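Everything on this sheet refers to the single structure shown next.
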Ligand SMILES: *Cc1c(COP(=O)(O)O)cnc(C)c1O
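Dropping the structure here:
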């Protein structure tokens, strides 16, 4: 008989009965014989066997256990089991970055001749990965507007294997109805993959809504403090252990135990941080919505958001990212960005530090004018990832540039 490919951790806590915040602190912890309270970091590339026979059994997959840290590592396993518990998934594979998670999901789930339907507003590198690399290996992709269910249906082909989306979208904070798209995917014999980076499991659990696979950039809210790059793929044991883990084991986009430890610590405060990010973002969105220099605010927590009802139903919080639009195009947007003194001008998001970005010339700068127009990325658009500074200071920092425009 073949043992499970991914060994269970010894003495992992029985987490079944714990609430979300408790799982964030406790799930997946495995203590060594030293009895350490905080999770241990295991910096080892390989593992020692008791005998030649045991080595043979491990390599043959007949006995569970560690072999080599490209495949499994106890610190990384603790992170994987904790995130799986939070997403409500059976299994998880951690990766070296969010893009490595997207690549691992694609390589594990797709083959030559397959077709992907993808929402138009996904992370730029995901689009590049699908268009410039997977296309070379005979995987075709069709892009559809995220919230247009009819367009998703119309894009299906007999060879469609994966529907892929991010919700809410970056930077316009548009939503997809995960349950509806899961039904469309399953009715077609395809899988639904959701990038859950913006909400995290603290505010949205795609697997419970019918998605098959969740991918993460742990770089964002899971770390939450801007320190490490990492990612993860979560889903059923059958999908993750067979297709996803096997790719990771052979190709090696593995998370380091040091980074896994940082992400474990990040998960412990994730529910608290997400609540604080969301509360500050809502307050800021409400203030921006009535500022005379601001033409429009995109934030699902506002009652004026066209999909506010869906956001209330599908998410347990509205997230920490918002965007807003100024009439004066690039000059106006840049003047507001250049007037900030505290907020960081950087492309990253999901940090304790608030960040401000001009999508049209940075994160979405590689899109053609037509692509930007279709995606709603205007020259007057600004994205803010609302951090954990006092919201009064964030508001004052933005007001400096906005008040000058309104004069
Ligand atoms: C950042 C990001 C990624 C890529 O993650 P990295 O950790 O930077 O590789 C993927 N999806 C979304 C939505 C992101 O914001």
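Residue numbers (the working numbering): 34 to 440. Note that beta-carbon positions come from the ideal geometry of N, C-alpha and C, so glycine has one too. Small disclaimer: the values here were computed from a predicted structure and weren't measured.
- Annotation for residue 357: no alpha helix (DSSP H) segment contains it, though the beta strand (DSSP E) segment containing it runs 354 to 359.
- Not one heavy atom of ligand 1 sits closer than 8 angstroms to the Cβ of residue 82.
- Taking C-beta separations shorter than 6 angstroms and ignoring five residues to either side along the sequence, the partners of residue 122 in its chain run 240, 267, 268, following chain order.
- The alpha carbon of residue 148 has as its nearest neighbour, out of 136, 373, 210, 176, the alpha carbon of 176.
- Residue 390 sits in a strand when the DSSP states are folded into three classes.
- Taken through DSSP and simplified to helix, strand or coil, residue 295 comes out as helix.
- The shortest CA-to-CA distance from residue 409 to any of 183, 420, 397, 418 is the one to 397.
- A residue is called buried when at least 16 other Cβ atoms come within 10 angstroms of its Cβ; residue 70 does not meet this threshold and is exposed.
- Secondary structure note for residue 125: it is in no alpha helix (DSSP H), and the uninterrupted beta strand (DSSP E) holding it is 124 to 128.
- Remark: the shortest separation between the CB of residue 266 and any heavy atom of ligand 1 does not fall under 8 angstroms.
- In the DSSP annotation of this structure, the continuous segment of the beta strand (DSSP E) that includes residue 415 starts and ends at 414 to 418.
- Short note on residue 253: C-beta closer than 8 angstroms to some heavy atom of ligand 1.
- The alpha-carbon separation between residue 52 and residue 191 amounts to approximately 41 angstroms.
- If one requires a minimum length of 4 residues, the alpha helix (DSSP H) runs lying completely within the segment 77 to 132 are 85 to 92, 107 to 120, in chain order.
- Using a 10 angstroms sphere on the CB of residue 222, the tally of other CB atoms stays under 16, which defines it as exposed.
- Taking the CA atoms as reference points, residue 144 sits about 46 angstroms from residue 369.
- Sequence-distant Cβ neighbours of residue 309 in its own chain, meaning closer than 8 angstroms and more than five residues away, are 421.
- Distances between the C-beta of residue 295 and the heavy atoms of ligand 1 are all 8 angstroms or more.
- Inclusion of residue 290 and residue 108 in the CB contact set at 9 angstroms is warranted, their separation being smaller than that value.
- Residue 277 sits in a helix when the DSSP states are folded into three classes.
- Under the DSSP assignment, residue 174 falls in the beta strand (DSSP E) whose first and last residues are 173 to 177.
- A direct Cα-Cα distance of roughly 22 angstroms separates residue 424 from residue 203.
- Contact between the segment 339 to 350 and the segment 206 to 217 is present: 3 or more CB-CB pairs across the two stretches fall below 8 angstroms.
- Residue 196 and residue 225 have their C-alpha atoms some 5 angstroms from each other.
- Within the DSSP bridge table, the entry for residue 149 names 174, 195 as partners.
- Residue nearest to residue 158 within the set 116, 186, 228, 105 is 228 (criterion: CA-CA distance).
- Close CB contacts of residue 155 within its chain, under the 6 angstroms cut and outside five residues either way in sequence, are with 199 (chain order).
- In the three-state reduction of the DSSP assignment, residue 225 falls in the strand class.
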